[in-house]
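The block underneath contains the structure these notes are about, expressed in structure tokens.
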Amino acid sequence: MSLCFRSDSGVTLNEAATFDGTTTTTASTTTSTVTSKAGTRVPETVIAPTERVLRFNNSTVATVFQVSAHRPGRTLFRDLEFVFPHYSEHCVAKGLTALPPQSQSLSLSQSLAQSNNSFSEVQRDNARPNVQRLLSNMDIRRQAPQMTPDNLIVVQTFQRSNSDLMVINDESNNERNLLLETFSAWGRYVISRIRAQGFWADMTDPCSGYPVYTPRGTSLYPDVDGAARLLKYNTHLVGCCRIISHPVWGTRNYPATLFTTCPVDLLAVVLEDSYQSHHSF
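Sequential numbering of the sequence shown, starting at 1, is according to the UniProt record's numbering.
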């Protein structure tokens, strides 16, 4: 979690803010599997770090965004299970039940086959249909897909700041608030587009470390520590808080994080759309 002295959550920010997207570099993806010497799955990059310039329509200030996407690996995933322990219940409550195409097809075929088998048994026995069993089989299609290290994607963002965020003063605090507003507006757009396709997505509030839309768990998500584990950037301890050092921007950066279980291809399209279009929040 980055240094932040704002008491309100990013989700309460001005919903009417809009921004322009201007491309500065081209996105690329990779799907290589990474394992440690001990054979334990470690974080892997599925969308390489890419920079974009975002500008709010009602502001003359532009911010440089760096966005990348990663599979968390098993160690980080175990920590995230305590950040989002109510993931499944939230998905079912919100109707977020979509599966990747292959998994969805398999799940539906299995469900229909089980229903047909149950009905055949009923006909053969010349008995009343087992309605409870048939409904149970149909419910398989409505269950939320399990969150696993293989389908969870951590979207790591950085914004370049004019102020050195290792310094605590009015100028740096005001800029933190502005960067928080930019991330929150951008994150709301990305999450709404992903959820419209039936997949789960959420972001953590950089000020508190807790999920914005999913019920919070027993743990918070520290943006700085998470970014360091995903991208191997160096960190500095300032008082009781840790600051991450960007390889190009140094400590003039603001990290924040978004999470989703949507397919990588869909995420790439949504991200590109968020960069290129004019949107209302």
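All residues carry an ideal CB built from backbone N, CA and C; glycine is no exception.
DSSP-derived helix/strand/coil call for residue i
i      : result
Thr45  : strand
Thr214 : coil
Leu54  : strand
Gln276 : helix
Gly239 : coil
Leu258 : strand
Ala98  : coil
Val64  : strand
Arg229 : helix
Arg252 : coil
Ser245 : strand
His70  : strand
Asn126 : With a pLDDT of only 46 at Asn126, under 50, the local geometry of the prediction cannot be trusted, and no value is derived from it.
Alpha-carbon to alpha-carbon, residue j and residue i
i           : j      : result
Asn259      : Val190 : Reading the sequence as shown, one finds Phe at residue 259 and not Asn. Rounded to whole angstroms, Phe259 to Val190 spans 10 Å at the Cα level.
Arg176      : Met147 : 32 Å
Glu272      : Val67  : 11 Å
His70       : Gly95  : 25 Å
Ser245      : Tyr233 : 6 Å
Thr235      : Leu165 : 12 Å
Val42       : Asp223 : 18 Å
Gln276      : Leu54  : 9 Å
Phe281      : Leu76  : Residue confidence is low: Phe281 scores 39 on pLDDT, short of 50, so the model does not pin down where it sits. Its coordinate-derived value is still stated next. Approximately 31 Å between the Cα atoms of the pair.
Leu178      : Gln159 : 11 Å
Asn253      : Glu89  : 35 Å
Ser274      : Ser208 : 25 Å
Leu80       : Tyr221 : 7 Å
residue 284 : Gly187 : The first residue shown for the chain is 1 and the last is 281, placing residue 284 beyond what the model contains.
Cys91       : Thr204 : 17 Å
Thr182      : Arg242 : 22 Å
Phe199      : Leu266 : 10 Å
Ser172      : Pro85  : 34 Å
Arg78       : Arg216 : 15 Å
Ser192      : Asn174 : 27 Å
Cβ separation of residue i and residue j, assumed to be a contact under 8 Å, to the nearest whole Å
i      : j      : result
Val83  : Pro211 : 7 Å
Ala185 : Ile194 : Rounded, the Cβ-Cβ distance is 16 Å, inconsistent with contact.
Leu152 : Thr261 : 6 Å
Ala227 : Gln156 : 5 Å
Glu51  : Val64  : 6 Å
Any chain D beta carbon closer than 8 Å to residue i
i      : result
Asp273 : Here there is only one protein chain, and chain D is not present.
Check whether residue i and residue j have beta carbons under 8 Å apart
i      : j      : result
Arg74  : Pro145 : no
Val248 : Val46  : no
Thr214 : Tyr87  : yes
Leu230 : Val154 : yes
Gln197 : Ala98  : yes
Pro206 : Leu237 : no
Could you name each continuous beta strand (DSSP E) segment of 3 residues or more that falls completely within the segment 137-210, going from the start of the chain to the end?
For the segment 137-210, the continuous beta strand (DSSP E) assignments of 3+ residues that do not extend past its boundaries occur at 153-160, 201-203, in sequence order.
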